[in-house]
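S.K.: Numbering-wise (full-length UniProt numbering), the sequence shown opens with residue 1 and increments by one. Ideal Cβ placement from N, Cα and C applies to all residues, glycine included. Please see the structure below; I have some questions.
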Amino acid sequence: MLVELKVNGKTKKVDIEPEEYLVDTLRKVGNLSVKRGCDTGCCGLCSIWINKKPTLSCATLTMRALNKEITTIEGLEKEAEEFAKILVAQGAEQCGFCSPGFIMTVLAMKNELENPTEEDIKHYLTGNLCRCTGYMGQLRAIKTYMGVK
1 MLVELKVNGK TKKVDIEPEE YLVDTLRKVG NLSVKRGCDT GCCGLCSIWI
51 NKKPTLSCAT LTMRALNKEI TTIEGLEKEA EEFAKILVAQ GAEQCGFCSP
101 GFIMTVLAMK NELENPTEED IKHYLTGNLC RCTGYMGQLR AIKTYMGVK
């Protein structure tokens, strides 16, 4: 079935199956930052925004995203680059496989939380897995980015 999606401010027409997940649809239209990881909603690799709220695209049917604003990291290049520079400066960047989903979650957190505690940050990031780091560098980077001491 042919549907229209609003992805990063642009309308995309795409042929989908009724039971197709958004992760697959987004990759089909060229948003390759959105990755398939666990398929259980536990790793965060597929994190995107729907109507500016972080959403796991591997657990969301494409049909549920119709008439909604979908944002991937490709639509937030400036913000993502700003945080990525801080990640690198803190020595927190490793292989980069989890980075797009992780960065989408951090950018959403900055929009939603004001002056979060370290526990608030950890709670918000639950479900974003990284196999390369011990998370301490990432935590330092997030605190720097959000101006938390």
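Can you tell me which of the three DSSP states S33 falls into?
M.R.: By one-based count along the sequence shown, residue 33 stands at place 33. Here S33 sits in coil by DSSP.
S.K.: Using 8 Å as the threshold, is the segment 6–25 in touch with the segment 62–71, meaning 3 or more CB pairs across them?
M.R.: Short answer: they touch.
S.K.: Under a three-way DSSP split, which group does V148 fall into?
M.R.: Translated into the one-based positions of the sequence shown, residue 148 becomes position 148. DSSP places V148 in coil when its eight states are reduced to three.
S.K.: Check for me: the alpha helix (DSSP H) holding P18 runs from which residue to which?
M.R.: Residue 18 sits at position 18 when you count from the first residue of the sequence shown. Element bounds for P18: n/a, residue is neither H nor E.
S.K.: For L61, which three-state DSSP category applies?
M.R.: Mapped onto the sequence shown, residue 61 falls at position 61. Strand at L61.
S.K.: Exposed or buried, which one is K35 when buried takes at least 16 other CB atoms within 10 Å?
M.R.: On the sequence shown, residue 35 is found 35 positions in, with the first residue counted as 1. The residue in question, K35, is buried, as its Cβ has 16 or more Cβ neighbours within 10 Å.
S.K.: Do M63 and P18 have their beta-carbon atoms positioned less than 8 Å apart in this structure?
M.R.: Here residue 18 refers to the residue found at position 18 when the sequence shown is read from its first residue. Here residue 63 refers to the residue found at position 63 when the sequence shown is read from its first residue. It is a contact, given that the beta carbons lie within the stated cut-off.
S.K.: Which one of G30, K143 and L2 has the shortest CA to CA distance from A89?
M.R.: The count along the sequence shown starts at 1 and reaches residue 89 at position 89. Among G30, K143 and L2, the Cα nearest to that of A89 is on K143.
S.K.: Terminal residues of the continuous beta strand (DSSP E) containing P116?
M.R.: Position 116 of the sequence shown holds residue 116. Per DSSP, P116 belongs to no beta strand (DSSP E) and is neither H nor E.
S.K.: If residue 169 and C132 are in contact, beta carbons under 8 Å, what's the gap, nearest whole angstrom?
M.R.: Outside the displayed span of the chain (1 to 149) sits residue 169, for which this structure offers no information.
S.K.: Could you compute how far the alpha carbon of K10 sits from the alpha carbon of S47?
M.R.: Counting from 1 along the sequence shown, the entry for residue 10 is found at position 10. Counting from 1 along the sequence shown, the entry for residue 47 is found at position 47. For K10 and S47, the distance between alpha carbons rounds to 19 Å.
S.K.: Note down the Cα distance separating L139 from K28, rounded to an integer number of angstroms.
M.R.: Position 139 of the sequence shown, counting from 1, holds the residue named residue 139. Position 28 of the sequence shown, counting from 1, holds the residue named residue 28. Each residue's alpha carbon lies about 33 Å from the other.
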